[in-house]
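In order, the protein sequence lines correspond to chains A and B.
First residue of the first sequence: 1, per my numbering; consecutive thereafter.
First residue of the second sequence: 326, per my numbering; consecutive thereafter.
Right, one structure below, let's go through it.
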Amino acid sequence: MTDASKPMTDPPSEPAPSRGQWADVWDQFKVHRGAFWGMVVFGTILFLIVVGPFIYWNDPQAVPTGRDFLNLRDMRPIYVLLWDSGAKVNWLYPLGTDNLGRDTLGRLLLGGRVSIAVGITAMLLSLFLGTFIGVLAGYFRRLDGVLMRLTNLFLALPLLPLLLVAVLLFRDPLSKGFGPEGGTFILIVTLVGVTSWMQTARIVRGDVLALKEREFVLAARSIGTSPTQMILRHILPNVLSPIMVSATLGIATAIITESALSFLGFGFPPDFPTWGKLLFDAVDRMALYPERVLWPGLLISLTVLAVNYVGDGLRDALDPRIRGR
Amino acid sequence: MNMKTALLGAATALALAPMAYADGHEGERGRDGQVNIIYWQAVSTMNAYLSGGTKDLEAASLVLEPLARFNQDGELVPWLAESIPTRDNGGVAADEMSITWTLKEGLVWSDGSPVTSEDVKFSWQYCTAEGGGCSQPERYNDVVDVETPDARTAIVRFGVPKPSPYGPFVSHLSPIIQKAQFEECLGDKAPTCAEQNFNPVGTGPFKVVDFRVNDVVTFEANDLYREEGKPAFSNVTFKGGGEATAAARAVFETGEFDYAWNMQLAPDVQESMLAGGKGEFVSGFGNLVERIMINLTNPSADLPEGERATAGHPHPFLNDINVRKALSMAIDRELLVAIGYGSAGGLTCNVVNAPTIYKSSANDSCMVQDIAGANAILDEAGWARGSDGIREKDGVRLSLLYQTSTNAVRQDFQTLIKQFWGEIGVETELRNIDAGVFFGSDAGSPDTFQKFYADVEMYANTFSGTDPEAYMGQWACDQAPRPETQWQGNNMPRFCSAEYDAMVAELAGTKDAEGRATLVKAMNDMLMQNYIMLPLVDRGRVSAKSVTLGGTVMNTWDSELWNIADWYRSE
């Protein structure tokens, strides 16, 4: 990174194809099979939930009325025909309907949007907070004690009671400003973000502490680099790999936390699907309609697993010491 | 139907009842070993006077007993008393200012000491003591004194004539507690007497062995129980916690428990449970009505705290009776019953459904959904559809916030009703609140059903016993929850009508059964025709029992466990 001033010793006669750092990372990343397939799966899920609701023909929120209600409720997925030819299915409802006749596939797609949006936004927030606090604590000795005690304090905060209190205090003002769904979204994202940055902060602080003593930092300081420049130019790029990893892990945690909250019946309005809520609603009829638990459960697990693998691969790819082995 | 004959009939029924239930299952006490009961809300106290929660009251009914109970038909049966005092047998004074109870002979507490009329008197003093926070004070309304001329006689004196004097010491809500044990626990010391509240000395078939707050209560048979050979079980494990589905599985599928309370499960879920083959549902119909309450005051968050949802600020559009009527007409109650309760629910258009003499038939038109009619009413009243299909008038949009507690069946109802209301151009936002918070009555929380910071809310309510006087009084003006009452009270719609209040007063002074019935019907009709609450389902009380458990009789008027002394194991 800082060896730009090193004199080039290679003979200029053989110009190697110019390769950026990211090309190397990609080369390393794609040999990690789990990471590669994780990315494919995550990409597919993202594509489906973003584009799906526009193409898909059924309105996920519509409850059929009148005679349709009895006809359309409790429909099974089409694949049930494979072993039960008498099953109640309809090709227009590929994954069947729930006990109120709402389309399962449509709700999965819509629910995925919310779950993944919550996951990514909360991850970005916690990443920002964690990196900021971690770098400050690691770099400035005077702030270290205070910030790390603050981290410990946040580690001790229990999420559920905190959410109950926050719902009490902020729900009305937020839903007035952003609508009931928007308000809850902001509330959940903020809470998950605010209560999950501590691991990132600790990891980043540890790395910064070690980096600070390295020769290139000393060199940079000796030519008069200001602390802001030092952090942005020299420290941050070097702690990028742990940050990336905790980012991917953060998505997974946020999706799981949102699911847990929905599962407990907090959070979004009851007719607003998220994967956790779909799972929660389906538990009562698990034995009769296993598909209703299976699909949201599978999607949550797949997403979390895929994201974790991507994180794993990224760590390997971003670490120059591992790269190429 | 005459009340006196009903009571006499009840007394006769009681004499025959034990024989009928015995079914030849006689033998020595404790012969059938252990019975396991699960309540999916855990028990937090064994003192019936310190809790409003059904789970606590019913657990306490294993130990503490009243002078008289209501049986499964809502008739009074003597329990610790020798007989039911009536005007005919001289037990109720001619001026209706007093009632004389006589205790059974030879009654003893589970610690061996005799039960006397002093204990009866003390139970009244305990509940009405200053600062005691008794949760059942309405049972002792107008009681001015309890006299104890001898050890077996207690005379309850009232300040006003009481046509129906069976409030004090009747039903599991006002049992007799032991004076010797609770003497030091009067008034504000009541909640601090943990040992007494967790392990009360009683007269019931069981006594507490071990009490773990909000977890498990273990009981063993009371050796000094007054009936020979009862109870058939030697031990009871009373487990609390979890949720309805898990409790049902524990009875139907794993068979770990013999009895599970309050199976609020959708009919198809109930059916799938039955496939487990280890249990069956027991149900009974009382007066539990699932209803939507309509807020006549403005719950807007723009109003300052303390003025929000109070009488000073009328609701912007729910004060229009046409809107309320249209909301009611748009609901397909038949579908709701079929989806949510099946055979455990019935169609109803009244808030009082039982006993039959009080049931009105004036409002039955609500049983059929009428979307076209509802639309016509709104059109006529000047609520025109806007560009998004939502009706509005003078800049006020018909947009509702609809709250209820968290329960799968209730959320299904919310979704369906939102759809119905959508068809008449009313927009609905749904909210579900944890049952502990919603029914928690905490004046500091904005989410309780009393504060009602929403436009409509849904829950179920009922009354104990067969006399709806106190119940009908809930919708008097002064019963509205408001800051001055610490947000306590049962008049959730904040309904206020001088005419209705006059009828409440008239009911208190009406003696003959027929006149009372006419009045109650008129009051019910007034509430219904003002559409301040929309009854949805007449809910049965449904519990689950193991196929090997015999002798259970579902009772919707008293504790479900009222006859646990008669339960037995049938193999």
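Heads up, the beta-carbon is just placed ideally off N, CA and C, and yes, glycines get one too.
Inset, instruction - Decide if B:Thr579 is buried, meaning its Cβ has at least 16 other Cβ atoms within 10 Å, or exposed. - result: Answer is exposed; the Cβ neighbour count stays below 16.
Legend entry - Against chain B: residues of the stretch 86 to 99 of chain A by CB proximity under 9 Å: Asn99
Legend entry - Sequence-distant residues of its chain with Cβ nearer than 6 Å to B:Trp708 (five each side left out): The residues are Arg716, Lys718.
Inset, instruction - Pull up the distance between the alpha-carbon of A:Met8 and that of A:Ser18, whole angstroms please. - result: With a pLDDT of only 49 at A:Met8, under 50, the local geometry of the prediction cannot be trusted, and the value read off the model is given with reservation. If I take the Cα positions, the gap works out to 15 Å.
Legend entry - Contact set between the stretch 283 to 311 of chain A and chain B, restricted to residues whose Cβ is under 8 Å from the partner: Answer in chain order: Val283, Asp284, Arg285, Ala287, Leu288.
Legend entry - Whether B:Ala585 touches B:Ala801 by CB criterion (9 Å): no
Legend entry - Cβ of A:Thr274 within 9 Å of any chain B Cβ: no
Inset, instruction - Decide if A:Leu381 is buried, meaning its Cβ has at least 16 other Cβ atoms within 10 Å, or exposed. - result: In the structure as shown, chain A starts at 1 and stops at 325, and residue 381 of chain A therefore has no counterpart that could be examined.
Inset, instruction - Compute the Euclidean distance between the alpha carbons of B:Thr681 and B:Val845, then round it to the nearest angstrom. - result: 12 Å
Legend entry - Element boundaries [beta strand (DSSP E), containing B:Val751]: That residue, B:Val751, is in no beta strand (DSSP E); it is neither H nor E in DSSP.
Legend entry - Neighbour flag for B:Trp749 against chain A, beta carbons, 9 Å: For the record, residue 749 of chain B in the displayed sequence is Ile; it is not Trp. By this cut-off, B:Ile749 is not an interface position.
Inset, instruction - Could you round the C-beta distance between B:Phe523 and B:Ala546 to whole angstroms and report it? I think they count as a contact, below 8 Å. - result: Between B:Ala546 and B:Phe523 the Cβ distance is about 19 Å, and since that is not below 8 Å, they are no contact.
Inset, instruction - Could you check what DSSP says for A:Met244 in three-state terms: helix, strand or coil? - result: helix
Legend entry - Test item: CB-CB of B:Gly399 and B:Thr843 under 9 Å: no
Inset, instruction - Starting from B:Leu755, follow its DSSP beta bridges and name the residues at the other end. - result: Paired residues: B:Tyr727.
Legend entry - Residue span of the alpha helix (DSSP H) that contains B:Tyr491, given as start and end: First-last for B:Tyr491: undefined, no H or E at that position.
Legend entry - Chain-ordered chain A contacts of B:Pro592 [CB-CB under 9 Å]: Chain A residues near B:Pro592: none, gap ~10 Å exceeds 9 Å.
Inset, instruction - For B:Pro680, return the contacting residues in chain A, with the cut-off set at a CB-CB distance below 9 Å. - result: Within chain A, no residue comes near B:Pro680; the closest Cβ sits about 34 Å away, beyond 9 Å.
Inset, instruction - Return the chain-ordered list of same chain residues with a C-beta closer than 8 Å to the C-beta of B:Ile696, the five sequence neighbours on each side being excluded. - result: Met654, Ala655, Phe745, Glu748, Ile749
Legend entry - B:Val541 vs B:Thr562 beta-carbon contact at 9 Å: yes
Legend entry - Rounded straight-line distance, which links the Cα of A:Tyr79 to that of A:Lys30: 34 Å
Inset, instruction - Would you list the one or two residues that DSSP bridges to B:Lys870? - result: B:Tyr584, B:Glu605
Inset, instruction - Quick one: measure Cβ to Cβ for B:Asp891 and B:Ser496, integer angstroms, because I've assumed they're closer than 8 Å. - result: 18 Å between Cβ atoms; not a contact.
Legend entry - Contact list for the stretch 64 to 75 of chain A against chain B, Cβ threshold 8 Å: Going along the stretch 64 to 75 of chain A in chain order, one finds Thr65, Phe69, Asp74 with a Cβ nearer than 8 Å to chain B.
Legend entry - Top-ranked residue by Cα proximity to A:Met198, from A:Gly183, A:Ala137, A:Thr228: A:Ala137
Inset, instruction - Give the secondary structure of B:Leu621 by DSSP, where H, G and I count as helix, E and B as strand, and everything else as coil. - result: coil
Inset, instruction - Would you list the one or two residues that DSSP bridges to B:Ile306? - result: Nothing in the structure corresponds to residue 306 of chain B, since chain B is present only between 326 and 896.
Legend entry - Selected residue, minimal CA-CA separation from A:Pro53, among A:His32, A:Arg113, A:Ala254: Looking at the Cα atoms, A:Arg113 is the closest of the given residues.
Legend entry - Buried versus exposed, by CB contacts within 10 Å (16 or more), A:Phe47: A:Phe47 is exposed by the Cβ-count criterion.
Inset, instruction - Tell me B:Asn560's beta-bridge partners as DSSP assigns them. - result: B:Gln359, B:Glu545
Inset, instruction - Leaving out five residues on either side along the sequence, give the residues of the same chain with a beta carbon under 8 Å from the beta carbon of A:Gly177. - result: Answer for A:Gly177: Gly183, listed in chain order.
Inset, instruction - Please list the segments of the alpha helix (DSSP H) lying wholly inside the stretch 653 to 690 of chain B, counting only runs of 4 or more residues, in order along the chain. - result: Fully enclosed alpha helix (DSSP H) runs of 4 or longer: 658 to 665.
Inset, instruction - Please check the pair B:Val781 and B:Ser770, which I expect to be a contact at CB under 8 Å, by giving their CB distance rounded to whole angstroms. - result: About 19 Å separates the two Cβ atoms, so there is no contact after all.
Legend entry - Contact with chain A by B:Ala768, beta-carbon distance below 9 Å: Put simply, the CB of B:Ala768 is far from chain A, with every gap to its CB atoms at 9 Å or more.
Inset, instruction - Compile a chain-ordered list of the residues in the stretch 176 to 205 of chain A whose CB is closer than 8 Å to at least one CB of chain B. - result: Lys176, Pro180
Inset, instruction - Using a cut-off of 8 Å between C-beta atoms, extract the partners of B:Lys684 located in chain A. - result: Ordered by position in chain A, no residue passes the 8 Å Cβ test against B:Lys684, which lies about 29 Å from the chain.
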